[in-house]
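Below is one structure, written out as structure tokens, with a few remarks after it.
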Amino acid sequence: MIVLKTGASEIYEKLPTHLITLFRCTQHYLIFSDLPQTYSDYQIHDALDTVSPKYKDDHEDFEMYRKLQKYQREGQNVAKLKGEKGWSLDKWKFLPMMHESYRLASPDVDWFVYIEADTSLSWTNLLQFLGRMDPRKPLYLGAQNVIGPTTFAHGGSGFIISRGAAKRIEDRRRKMGARAYDDRWELSTSLSCCGDEVVARALVEVDVDLTPSWPRLQGETVDTLDWTEKHWCTPAITWHHVSPSQVDSMWRFHNEWVKENGWSKPYLYRDVFDGFVARHISVNRTSWNNLSKDREFIAPDGDSSEKSRESWEKLSDVEKNSVKSFDSCAEACLAWDHCIQFMHENGVCKLGKDVRLGETDERHNSGNTWSSGWIQDRIQGMRDDLADCNTNWNH
186 MIVLKTGASE
196 IYEKLPTHLI
206 TLFRCTQHYL
216 IFSDLPQTYS
226 DYQIHDALDT
236 VSPKYKDDHE
246 DFEMYRKLQK
256 YQREGQNVAK
266 LKGEKGWSLD
276 KWKFLPMMHE
286 SYRLASPDVD
296 WFVYIEADTS
306 LSWTNLLQFL
316 GRMDPRKPLY
326 LGAQNVIGPT
336 TFAHGGSGFI
346 ISRGAAKRIE
356 DRRRKMGARA
366 YDDRWELSTS
376 LSCCGDEVVA
386 RALVEVDVDL
396 TPSWPRLQGE
406 TVDTLDWTEK
416 HWCTPAITWH
426 HVSPSQVDSM
436 WRFHNEWVKE
446 NGWSKPYLYR
456 DVFDGFVARH
466 ISVNRTSWNN
476 LSKDREFIAP
486 DGDSSEKSRE
496 SWEKLSDVEK
506 NSVKSFDSCA
516 EACLAWDHCI
526 QFMHENGVCK
536 LGKDVRLGET
546 DERHNSGNTW
556 SSGWIQDRIQ
566 GMRDDLADCN
576 TNWNH
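One gets the numbering used here by counting positions in the sequence shown from 1 and adding 185 to each.
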């Protein structure tokens, strides 16, 4: 079952693309938001419906929830509330959404796959990934993150709970009493920053630890990912912070892949690289930030600290000259064996050891923009080194 979590203020912007892509492939899905409504023929469930009134009526995290209810009653456009403390409200959706998903799921649902409205998911890679495991076992899968003592699956990257694991939580809740169980975890949620962290603690309580699944499930976009050996031969299942147009692009890529390769061969990060990145980094680009960040050279000026000036004097001539021009920055990149890309603006040169695409430079109004370049023979060298790697399901 695919369970999509969204918000009423963004639903008309982000939900439609999922309905005409991923949701066409699965008969088992649920959509949760912070407002009960119907979108065309699709039912949107209120993830916060079972939260205690003492929180919904008075807690500061629910200020937006109360506004949403008011806007809906008055027939106002809830999209105008976008950006108003949505994060504080979002953390409250996780556990109630899990309980309701289990309650509504048919008995033949083996897996609960939770994604967000800005998550892109590969259907074929997901099916092949889950086909390697037994859903009767208590499994909790996702991109590992850590807050304090808790290792949890990052929500935006998507996380997966087997029926075996979900049953453990629901058995615990039933044995304790739903209201008593929910009261305890609502208090815990009120004290936590993040709902996905609360999910992990609820699972640990029933002896279900996270099975780290990064980078198969991960939170970068095609633009921000570091294209290295860590990813190259691994099946790509999720992307996060993607726009509706990117969800559509990834889905069309998915369908073309399945058409050519069938449903038993996963596409890897290297295939996504070839489809979305390679052609864009084959030439230098102006007004472009390629996210180079491993070395930075900044020409000192009158406001520079003494420490900065001392560091500058220790640089080689090539490094000092790198700030003068795009070509000089390229020379500094070539002089560092690990450099594979670079970017330059007036007085600044940055070098990167990992390939990243980046994005158009939005600082154009300031008059200064980045120009970016990639060292093509080094990129090809990386490709050659990784040409024979096997599909990695067990990173």
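From the three backbone atoms N, C-alpha and C, an ideal C-beta is built for every residue, glycine too.
Closer than 6 Å by C-beta to Trp-412: which residues in its own chain qualify, once you throw out the five before and the five after it? Chain order, please.
Residue 412 sits at position 227 when you count from the first residue of the sequence shown. Contacts found: Phe-458, Val-540.
Hey, quick one: how far does the beta strand (DSSP E) through Asp-390 stretch, first residue to last?
Within the sequence shown, the letter at position 205 stands for residue 390. According to the sequence shown, residue 390 is Glu rather than Asp. It is not in any beta strand (DSSP E) - Glu-390 carries neither H nor E in the DSSP assignment.
Shortest alpha-carbon distance to Glu-245 belongs to which of Lys-509, Ser-305, Asp-275, Asp-356?
Here the question's residue 245 lines up with position 60 in the sequence shown. Selected option, being the one with the closest Cα: Asp-275.
Taking its Cβ as the centre, do 16 or more other Cβ atoms sit within 10 Å of Val-508, making it buried, or is it exposed?
Position 323 of the sequence shown, counting from 1, holds the residue named residue 508. When all chains shown are included, Val-508 counts as buried.
How long is the line joining the alpha carbons of Gly-333 and Gly-362, rounded to whole angstroms?
Locating residue 333 in the sequence shown gives position 148, counting from the first residue. Locating residue 362 in the sequence shown gives position 177, counting from the first residue. Taking the straight line joining both Cα atoms gives about 29 Å.
Which parts of the segment 452 to 490 are runs of the alpha helix (DSSP H), unbroken and 4 residues or longer, counting only runs that do not cross its ends?
454 to 461
Gly-341 beta carbon less than 8 Å from that of Gly-425
In the sequence shown, the residue the question calls residue 425 occupies position 240. In the sequence shown, the residue the question calls residue 341 occupies position 156. Residue 425 is actually His in this sequence, not Gly. Going by beta carbons, His-425 and Gly-341 fall inside the 8 Å limit.
Using the Cα positions of Arg-386 and Lys-252, report the straight-line distance between them to the nearest angstrom.
As a position in the sequence shown, residue 386 is number 201, starting the count at 1. As a position in the sequence shown, residue 252 is number 67, starting the count at 1. Roughly 30 Å separates the two Cα atoms.
Between the C-alpha atoms of Trp-578 and Gly-532, what's the straight-line distance to the nearest angstrom?
Position 393 of the sequence shown, counted from the first residue, corresponds to residue 578. Position 347 of the sequence shown, counted from the first residue, corresponds to residue 532. Each residue's alpha carbon lies about 44 Å from the other.
For Tyr-227, I'd like the list of residues in its chain whose CB is within less than 7 Å of its CB, leaving aside the five on either flank, ordered along the chain.
By one-based count along the sequence shown, residue 227 stands at place 42. Around Tyr-227: Leu-204, Ile-216.
Beta-bridge partners of Met-528, as assigned by DSSP:
The count along the sequence shown starts at 1 and reaches residue 528 at position 343. Beta-bridge pairing links Met-528 to Lys-535, Ser-557.
My assumption, with CB atoms under 8 Å, is that Lys-322 sits in contact with Gly-349. Please give the rounded CB distance.
Translated into positions along the sequence shown, residue 322 becomes position 137. Translated into positions along the sequence shown, residue 349 becomes position 164. 5 Å between Cβ atoms; contact.
Do the CB positions of Lys-239 and Leu-233 come within less than 8 Å of each other?
Indexing the sequence shown from 1 puts residue 239 at position 54. Indexing the sequence shown from 1 puts residue 233 at position 48. No, the Cβ-Cβ distance between Lys-239 and Leu-233 is not below 8 Å.
Using beta-carbon positions only, say whether Asn-469 and Gly-537 come within less than 8 Å of one another.
Residue 469 sits at position 284 when you count from the first residue of the sequence shown. Residue 537 sits at position 352 when you count from the first residue of the sequence shown. Going by C-beta atoms, Asn-469 is not nearer than 8 Å to Gly-537.
Would you please state the rounded distance, in angstroms, between the beta carbons of Thr-304 and Thr-423? I believe it to be under 8 Å.
Position 119 of the sequence shown, counted from the start, is the residue given in the question as residue 304. Position 238 of the sequence shown, counted from the start, is the residue given in the question as residue 423. Indeed they touch by this definition, with Cβ atoms about 6 Å apart.
Checking 8 Å against the spacing of the C-beta atoms, do Gly-404 and Ala-328 come in under that value?
Within the sequence shown, numbered from 1, the residue matching residue 404 stands at position 219. Within the sequence shown, numbered from 1, the residue matching residue 328 stands at position 143. At a Cβ-Cβ threshold of 8 Å, Gly-404 and Ala-328 count as neighbours.
At which residue ranges does the segment 250 to 323 contain complete alpha helix (DSSP H) runs of 4 or more residues, listed in the order of the chain?
271 to 275, 279 to 289, 308 to 315
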